[in-house]
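K.L.:
Under numbering that gives the first Met the number 0, read the sequence shown as residues 0 to 337, first letter to last. In this text, a Cβ means the ideal position worked out from N, Cα and C, and glycines have one as well. Please read these numbers as outputs of a predicted model, since none were measured by experiment.
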Amino acid sequence: MSKLRDRINQNRNKLDIGLDHSAEHGRQRTVNLDGSYNIKRITGDALDFDLYHWLITTSWKHYWIVVFLFYGIVNVIFAFVYYAIGTNSIGGIIPGDALHNFLQCFFFSNETFTTVGYGGLHPTGIATSFVASLEAFLGLMSFALATGTLYGRFSKPKPKIKFSTNAVIAPFGEATAFQFVIANQRSSNIMELETIVNFSWVDKSAGDAGGYRRFKQLNLELSKIAMFPTSWTINHVIDEESPMYGMSPEDFIKKEVEAFITLKGFDETYSQTVYIRMSYTAKDLIYGAKFQRAFYVGEDGQLIMDLRKVGSYDLVPMPTAVHVEIEKHLEAIAESEI
Numbered sequence: 000m001s002k003l004r005d006r007i008n009q010n011r012n013k014l015d016i017g018l019d020h021s022a023e024h025g026r027q028r029t030v031n032l033d034g035s036y037n038i039k040r041i042t043g044d045a046l047d048f049d050l051y052h053w054l055i056t057t058s059w060k061h062y063w064i065v066v067f068l069f070y071g072i073v074n075v076i077f078a079f080v081y082y083a084i085g086t087n088s089i090g091g092i093i094p095g096d097a098l099h100n101f102l103q104c105f106f107f108s109n110e111t112f113t114t115v116g117y118g119g120l121h122p123t124g125i126a127t128s129f130v131a132s133l134e135a136f137l138g139l140m141s142f143a144l145a146t147g148t149l150y151g152r153f154s155k156p157k158p159k160i161k162f163s164t165n166a167v168i169a170p171f172g173e174a175t176a177f178q179f180v181i182a183n184q185r186s187s188n189i190m191e192l193e194t195i196v197n198f199s200w201v202d203k204s205a206g207d208a209g210g211y212r213r214f215k216q217l218n219l220e221l222s223k224i225a226m227f228p229t230s231w232t233i234n235h236v237i238d239e240e241s242p243m244y245g246m247s248p249e250d251f252i253k254k255e256v257e258a259f260i261t262l263k264g265f266d267e268t269y270s271q272t273v274y275i276r277m278s279y280t281a282k283d284l285i286y287g288a289k290f291q292r293a294f295y296v297g298e299d300g301q302l303i304m305d306l307r308k309v310g311s312y313d314l315v316p317m318p319t320a321v322h323v324e325i326e327k328h329l330e331a332i333a334e335s336e337i
């Protein structure tokens, strides 16, 4: 009971990212590159599908495919119904072969579904008029739904932040640092941008045979910036308090590390607070590299931000323990001579 109380006290007032501590071998990354969670949900419901939510969140390609398929299939179905009732119940149809008559029924269905009603074709029978009234009602409701989902997709704030493809372990003074770069791909202004980086690794000395997955929020050199006009290199110094301290490149892979990044800022375009997620795994980590600067001053004196260079890096030698000790010794000698 005392161990449980100690654990609760240790976690109190700390940020919990909401993930479990299981350490199954071969576990995939938790956050995909597009910011979505790599989690499969099983609800047990007979129909586990929310059409409106899917239309709001799916890609534009899938959205338009579904809209056009629905429009085409509905009109084909009603065209068959009108054709089965008889083309003589639709005024204005010019008799012809079967395909010609069906196509005219299809175009009449389009006019009814969209409530355009050019006047060239019109229902003359009771059955055709009843079906046409149902189709007109369905068309009005369908277009209302399509308009709502289309507006929802456009009105939903979607910041476009570019993350460096890789995170790096770079030399930083006498130590090393874990770094990655972000940049705003749009001309919109994001203010008061802040970041939280949580580091996850498998501690095989604790828990069951598979180990225990631990989480720790990293201390950042800067966790918040007032403006975000160019790029931002987010930097965590790997010192004695860092969970990365003493890790070799092989350790990052063995311990199945993953760094979870959460960004929060105010987007002036949407006048809303936006959130962005991303993660880096051991496979995304470059040991011994330094990011290139992605912005420069042009010939006319204007600052130029080259988004193509965001994440570009150069390989650099890492400081060895002997090299660090020599530098400390030389600094101590220099201070004693002053």
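Relative to the C-alpha of V196, which candidate in Y211, N218, S187 and R185 has its C-alpha closest?
P.N.:
The residue with the shortest Cα to Cα distance from V196 is N218.
K.L.:
By DSSP's criteria, L219 is part of a beta bridge. Which residues make up the other side?
P.N.:
Answer is none; L219 lacks a bridge partner.
K.L.:
If you draw a straight line from the C-alpha of V180 to the C-alpha of R292, how long is it?
P.N.:
Computed Cα separation, rounded: 10 Å.
K.L.:
If I measure Cβ to Cβ from G124 and keep anything under 6 Å in the same chain, skipping five residues before and after, which residues do I get?
P.N.:
Once the five neighbours on either side are set aside, the close Cβ partners of G124 are S88.
K.L.:
Taking the C-alpha atoms as reference points, what is the distance between Y81 and G91?
P.N.:
Taking the straight line joining both Cα atoms gives about 14 Å.
K.L.:
Within 10 angstroms of the Cβ of I252, are there 16 or more other Cβ atoms? Answer buried if so, exposed if not.
P.N.:
It counts as exposed.
K.L.:
Just list the alpha helix (DSSP H) runs in the segment 89 to 150, keeping only unbroken ones of 4 residues or longer that don't cross its boundaries, in chain order.
P.N.:
Here the runs fully enclosed are 97 to 112.
K.L.:
Have a look at I237, W200 and F265 and flag the residue whose alpha-carbon is nearest the alpha-carbon of Y405.
P.N.:
The structure shown does not extend to residue 405, since the chain spans only 0 to 337, so no value can be given for it.
K.L.:
By the three-class DSSP mapping on this structure, what secondary structure does Y51 have?
P.N.:
Y51: helix per DSSP, three-state reduction.
K.L.:
Between which residues of its own chain and T175 is the CB-CB distance below 6 Å, once the five residues before and five after are set aside?
P.N.:
Here the set comprises I168 and I237.
K.L.:
What residue from T272, E191 and I76 has the CA that sits closest to L133's CA?
P.N.:
Nearest C-alpha to L133: I76.
K.L.:
Closest to T113 by C-alpha separation, out of L98, Q103, H99 and S141, would be which residue?
P.N.:
Out of L98, Q103, H99 and S141, S141 has the C-alpha closest to the C-alpha of T113.
K.L.:
Buried or exposed: where does E257 fall if 16 or more other Cβ atoms within 10 Å of its Cβ makes it buried?
P.N.:
That one is buried.
K.L.:
In the DSSP assignment, find the alpha helix (DSSP H) that holds F294 and state where it starts and stops.
P.N.:
Looking at the DSSP string, F294 is not in any alpha helix (DSSP H); the run it does join, the beta strand (DSSP E), is F294 to V296.
K.L.:
Which one of L137, K263 and I160 has the shortest CA to CA distance from A225?
P.N.:
Checked all of L137, K263 and I160; the closest Cα to A225 is K263.
K.L.:
The beta strand (DSSP E) spanning D266 covers which residue range?
P.N.:
Taken as a continuous stretch (DSSP letters only), the beta strand (DSSP E) holding D266 covers E257 to D266.
K.L.:
To the nearest angstrom, how far is the alpha carbon of N188 from that of I160?
P.N.:
Looking at the two C-alpha atoms, the distance is approximately 12 Å.
K.L.:
Helix, strand or coil: which one does DSSP assign to R307?
P.N.:
Helix, per DSSP.
K.L.:
Kindly give me the distance between the Cβ atoms of E173 and P316, rounded to whole angstroms, as I take these residues to be in contact under 8 Å.
P.N.:
That pair is no contact at about 14 Å.
K.L.:
Whose C-beta lies closer than 6 Å to the C-beta of K215 among residues of the same chain, with five residues either side of it excluded?
P.N.:
Cβ within range, chain order: F198 and P242.
K.L.:
Can you give the beta carbon distance from M277 to F177, rounded, assuming they're within the 8 Å contact cut?
P.N.:
About 14 Å separates the two Cβ atoms, so there is no contact after all.
K.L.:
CB L314 to CB I285, shorter than 9 Å?
P.N.:
Yes, these two residues count as a Cβ contact at 9 Å.
K.L.:
Considering Cα atoms alone, identify which of G310, W53, F265 and F48 is closest to G151.
P.N.:
Among G310, W53, F265 and F48, the Cα nearest to that of G151 is on W53.
K.L.:
Can you tell me whether R11 is helix, strand or coil according to DSSP?
P.N.:
Because the pLDDT of R11 is 46, which lies under 50, any placement of that residue in the model is unreliable, and the question is left without a value.
K.L.:
With DSSP run on the structure shown, which of helix, strand or coil describes D313?
P.N.:
Three-state DSSP puts D313 in a strand.
K.L.:
Which residues share a DSSP beta bridge with Y279?
P.N.:
The partner list for Y279 (beta bridge, DSSP) reads A258.
K.L.:
I need the boundaries of the beta strand (DSSP E) containing N188, first residue and last residue.
P.N.:
No beta strand (DSSP E) contains N188, which DSSP labels as neither H nor E.
K.L.:
Compare the C-alpha of N100 against each of Y117, F79 and G116 and name the closest.
P.N.:
Comparing Cα-Cα distances from N100 to each of Y117, F79 and G116, the minimum goes to F79.
K.L.:
DSSP three-state call for D250: helix, strand or coil?
P.N.:
D250 falls in the helix class under three-state DSSP.
K.L.:
Is T164 near D250, with beta carbons less than 9 Å apart?
P.N.:
Taking 9 Å as the Cβ cut-off, T164 and D250 do not qualify as a contacting pair.
K.L.:
Considering only DSSP beta bridges, list what F77 is partnered with.
P.N.:
Beta-bridge pairing links F77 to no other residue.
K.L.:
Residue range of the beta strand (DSSP E) that S230 falls in?
P.N.:
S230 to I237 is the span of the beta strand (DSSP E), which, as asked, contains S230.
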